[in-house]
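Asks: Take this structure first; my questions come after.
In the working numbering, the protein residues as written are 41 to 208.
Here it is, written out as C-alpha cells:
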C-alpha cells in the first residue's frame, strides 16, 4: 500500500471515504455519527497545505483511506483517519498512523494523540492495539481540553469518549 500526500483534486474523494467509513456506526446504534458530514474541502485543503495529510492509494493511485493531523499540545493530533470499508481490515489505518509516527521527528514531537469512542471496537480498542494508551483528565493539555469541549458541543459526549496518546 502506497502512502502519499493527497492532490487538491482528490479532497472531495476524502469526504466520500469518510462518509462510507462512517456508515458502520449506524449498525451499532450511532446513526448521528453515520450521518455526520465530513470536513469541508477548504478545511481538508488546510491540512494538505500544512503537510499533515496523507492518503493510502490502491494500484490505480486512487485514495482508499486518509489521515489528517495537527499540532496540539506539542504532539501530533490525529484529527481524522478513515478507511473505505471495501479496504478495511488490511492494516491500512495502522500504516497511516505509522506514517504519521515516521513524520513526528521531523515535526519535533514525541507523541501522537487522538480522541475516540471508548466502546466502539474499531475505535479505542483498535488504537490500543496500535500502541495508544488512554489518558486521564490530568494528562490532558489545554489543546486536548479544547478539543474535548468542541466534541461535547457537537454532541459526541452522548457516548463515552477517551483521549489517547502513543509515545514515540
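Glycine is no exception: its CB is placed at the ideal position from the N, C-alpha and C atoms.
These numbers come from a predicted model, not from an experiment.
Please confirm whether residue 81 and residue 52 have their CB atoms less than 8 Å apart.
Replies: Result yes, Cβ atoms of residue 81 and residue 52 sit closer than 8 Å.
Asks: Going residue by residue through the region 143-188, where are the continuous beta strand (DSSP E) segments of at least 3 residues, counting only ones entirely within it?
Replies: Runs of the beta strand (DSSP E) inside the region 143-188: 151-157 and 173-175.
Asks: Counting only runs that start and end within the region 55-79, where is the alpha helix (DSSP H) found for 4 or more residues in a row?
Replies: Here the runs fully enclosed are 71-75.
Asks: Near residue 126, which residues of its chain fall below 6 Å by C-beta distance, leaving aside the five closest residues on each side in sequence?
Replies: Nothing meets the Cβ criterion.
Asks: Give me the Cβ distance between residue 181 and residue 113, rounded to the nearest whole Å; I'm assuming they're in contact under 8 Å.
Replies: That belief holds up - the Cβ atoms of residue 181 and residue 113 are roughly 3 Å apart, short of 8 Å.
Asks: Once DSSP output is grouped into helix, strand and coil, what is the label at residue 208?
Replies: Here residue 208 sits in coil by DSSP.
Asks: Just grab the DSSP bridge partners of residue 111 for me.
Replies: DSSP lists 116 as partners of residue 111.
Asks: Could you tell me whether the Cβ atoms of residue 152 and residue 106 are closer together than 8 Å?
Replies: Going by C-beta atoms, residue 152 is not nearer than 8 Å to residue 106.
Asks: Cutting at 7 Å between CB atoms, please list the residues of its own chain near residue 183, excluding the five before and the five after it.
Replies: Answer for residue 183: 112 and 113, listed in chain order.
Asks: Thinking residue 45 and residue 63 are a contact (beta carbons under 8 Å), I'd like their distance in whole angstroms, please.
Replies: Actually they do not touch by this definition, with Cβ atoms about 26 Å apart.
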